[in-house]
Amino acid sequence: MRRTIPTTRRRSGGYTLVELMVTLVLSLLLLSAGLAFYMMSRNSYATIDDSANLQERGNFAISVVTRMLRQTAFTPPASGGGGLMTVDDPMIDGKDHCAAPQITPDANGLQRVTCSGGVAINNSDAVMIRFFGISNPDGTPDGSVVDCAGMAVGALDEKNKNTAAKQRGLALLYVDTGSNGKPALMCKYPERKNGAVVPDSYVTQELVPGVEAFQVLYGIAVNDDEVPDKFVTADQIGTNEWDMVLTAKVAMVVRTDNLNATGTDAGTFNLFGTLGSSLPDASYVPKVDTKAARKLYTATVQLHNYLTCYKGDVLCF
């Protein structure tokens, strides 16, 4: 006789469809919260990093420009004592709205700033600064006076005063497109080989990325009292009037590489305040990457190195 074995009913295990859907929704919520926190952290880090870079760029740019301007017309004392102005050629020269400026010799072999004729980046200016350095007893530069590339500039060779104008250090500051495709503060300076300056050959170096606008006003005296009475642009200064320039007002707008996480526009920058209200290019409105963080840097620098000659000094000329 066959025996019947009783069977047991097995219940299927696992989650129901409702449970799976609830779990999926909760997982998506947690994933969204984690992703939002990550994006917020990344944006905060980018904002802090950009802010630090903006401060560093601006401080370095304004320090380089002001240091160069303070060296304008510097001439060390001659060996016989007393200062001397060694050249009649102006120690500073500038151009408004100068695109891709070049340094070219004039009919007398003296360096002049010429512009390419194109459109200057944000109507930025160019300024060329001339100065002498200081040398050791053996005639080598002592490093206390440098150009915009950090290259030491030597003193006037008193045995060759007829070439004094060409012995000066040189720095040409302007704005052009940098290596990252955005505006940058650039500098041209004399090329050197084996420690000697190569005549009429210059090197271009990107100094500070992110310098978007560069404007300069020049203070001149109208009554010969060595006190600037008005500020004018480079175009308002005649070729033979650059020796009258006493001070320079510099304004630069510096930007970050990334867009601002807050999404706010930069707005309008009044470069020279009320002083420039009647002057061209006294304000700047960004038209590209308007949501990038920007900051205005300004400085006023006295240019004249007051030089005198002792009465009867044979070294004065």
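The sequence shown begins at 4 in the numbering used here and counts up one residue at a time. Quick reminder that beta carbons are idealized off the backbone N, C-alpha and C, glycines included. All of these numbers come straight from a predicted model, not from anything done at the bench.
Inset, instruction - Answer yes if the segment 59-66 comes into contact with the segment 287-305, meaning at least three C-beta pairs across the two stretches below 8 Å, and no otherwise. - result: yes
Inset, instruction - Express the C-alpha separation of alanine 199 and alanine 168 in angstroms, rounding to a whole number. - result: For the purposes of this step, residue 168 is taken as residue 165 along the sequence shown, with counting starting at 1. For the purposes of this step, residue 199 is taken as residue 196 along the sequence shown, with counting starting at 1. Spanning the two alpha carbons is a distance of roughly 16 Å.
Inset, instruction - May I ask you to list the residues that DSSP assigns as paired with lysine 294? - result: Taking the first residue of the sequence shown as 1, we reach residue 294 at position 291. Looking at the DSSP assignment, lysine 294 forms no beta bridge with any residue, so it has no partner.
Inset, instruction - Check aspartate 210 in the structure and name its three-state DSSP category. - result: In the sequence shown, the residue the question calls residue 210 occupies position 207. The question names aspartate, but residue 210 in the sequence shown is leucine. DSSP places leucine 210 in strand when its eight states are reduced to three.
Legend entry - DSSP beta-bridge partners of phenylalanine 2: Absent from the structure is residue 2, since the part of the chain shown begins at 4 and ends at 320.
Legend entry - proline 193 to alanine 36 span [Cα, whole Å]: Counted from its first residue, the sequence shown places residue 193 at position 190. Counted from its first residue, the sequence shown places residue 36 at position 33. Spanning the two alpha carbons is a distance of roughly 57 Å.
Inset, instruction - State the DSSP-derived secondary structure class of leucine 299, mapped to helix, strand or coil. - result: Here the question's residue 299 lines up with position 296 in the sequence shown. DSSP places leucine 299 in strand when its eight states are reduced to three.
Inset, instruction - Check each candidate in Leu210, Gly222 and Val253 and name the one with the smallest Cα separation from asparagine 273. - result: Residue numbering aside, residue 273 sits at position 270 when the sequence shown is read from its first letter. Cα-wise, what sits closest to asparagine 273 is Val253.
Inset, instruction - From the DSSP output, in three-state form, read off leucine 262 for me. - result: Residue mapping note: residue 262 aligns to position 259 of the sequence shown, counting from 1. Of the three classes helix, strand and coil, the one that applies to leucine 262 here is strand, per DSSP.
Inset, instruction - Taking 8 Å as the cut-off, decide whether the C-beta atoms of methionine 189 and aspartate 203 are in contact. - result: Along the sequence shown, read from residue 1 onward, the residue named residue 189 stands at position 186. Along the sequence shown, read from residue 1 onward, the residue named residue 203 stands at position 200. Going by C-beta atoms, methionine 189 is not nearer than 8 Å to aspartate 203.
Inset, instruction - Keeping to the same chain, check which residues put their C-beta closer than 7 Å to that of aspartate 99; ignore five residues upstream and five downstream. - result: Translated into positions along the sequence shown, residue 99 becomes position 96. Answer for aspartate 99: Asp128, Thr236, Ala237 and Asp238, listed in chain order.
Legend entry - Same chain only: Cβ atoms within 7 Å of proline 283, ignoring 5 sequence neighbours per side: Reading the sequence shown from its first residue, position 280 is the one you call residue 283. Excluding positions up to five away in sequence, the list reads Thr236.
Legend entry - Contacting residues, own chain, Cβ-Cβ under 6 Å from alanine 302 (five flanking each side not counted): The count along the sequence shown starts at 1 and reaches residue 302 at position 299. Same-chain partners within the cutoff: Ile65, Thr69 and Val253.
Inset, instruction - Taking 8 Å as the cut-off, decide whether the C-beta atoms of phenylalanine 135 and phenylalanine 40 are in contact. - result: As a first step, residue 135 is located in the sequence shown; it is residue number 132 there, counting from the start. As a first step, residue 40 is located in the sequence shown; it is residue number 37 there, counting from the start. No, they are not a contact pair.
Legend entry - Limits of the unbroken beta strand (DSSP E) element including leucine 159: Translated into the one-based positions of the sequence shown, residue 159 becomes position 156. Per DSSP, leucine 159 belongs to no beta strand (DSSP E) and is neither H nor E.
Legend entry - Which residues DSSP lists as bridging valine 225, in chain order: On the sequence shown, residue 225 is found 222 positions in, with the first residue counted as 1. Per DSSP, none; premise fails for valine 225.
Legend entry - Top-ranked residue by Cα proximity to glycine 184, from Ile95, Gly142, Val122 and Glu209: For the purposes of this step, residue 184 is taken as the residue at position 181 of the sequence shown. Glycine 184 has its Cα closest to that of Glu209, out of Ile95, Gly142, Val122 and Glu209.
Inset, instruction - Decide if the segment 98-117 is in contact with the segment 141-154; the criterion is three or more beta carbon pairs, one per stretch, under 8 Å apart. - result: no
Inset, instruction - Starting from lysine 233, follow the beta strand (DSSP E) in both directions and report where the run begins and ends. - result: Here residue 233 refers to the residue found at position 230 of the sequence shown. Counting along the chain, the beta strand (DSSP E) containing lysine 233 begins and ends at 233-235.
Inset, instruction - Could you tell me whether the Cβ atoms of aspartate 96 and tryptophan 245 are closer together than 8 Å? - result: By one-based count along the sequence shown, residue 96 stands at place 93. By one-based count along the sequence shown, residue 245 stands at place 242. Going by C-beta atoms, aspartate 96 is nearer than 8 Å to tryptophan 245.
Legend entry - Beta-carbon contacts of asparagine 56 that lie in its chain and below 7 Å, excluding the five residues immediately before and after: If you number the sequence shown from 1, residue 56 lands on position 53. Here the set comprises Thr259.
Inset, instruction - In angstroms with no decimal places, state the Cα-to-Cα distance between valine 130 and valine 148. - result: The count along the sequence shown starts at 1 and reaches residue 130 at position 127. The count along the sequence shown starts at 1 and reaches residue 148 at position 145. Spanning the two alpha carbons is a distance of roughly 19 Å.
Inset, instruction - Go to glycine 174, then tell me how far its beta strand (DSSP E) extends in each direction, as first and last residue. - result: Indexing the sequence shown from 1 puts residue 174 at position 171. The sequence given here has alanine at residue 174, not glycine. Note, alanine 174: beta strand (DSSP E), 172-180.
Legend entry - Residue range of the unbroken beta strand (DSSP E) whose run includes methionine 154: Your numbering for residue 154 matches position 151 in the sequence shown. Where methionine 154 is concerned, there is no enclosing beta strand (DSSP E), given that its DSSP letter is neither H nor E.
Legend entry - Three-state class that DSSP yields for aspartate 53 in the structure shown: On the sequence shown, position 50 is the one that residue 53 refers to. It is helical.
Legend entry - Top-ranked residue by Cα proximity to leucine 306, from Met255, Ser281, Ile240 and Ile223: As a working note, residue 306 is residue 303 in the sequence shown. The shortest Cα separation from leucine 306 among Met255, Ser281, Ile240 and Ile223 belongs to Ile223.
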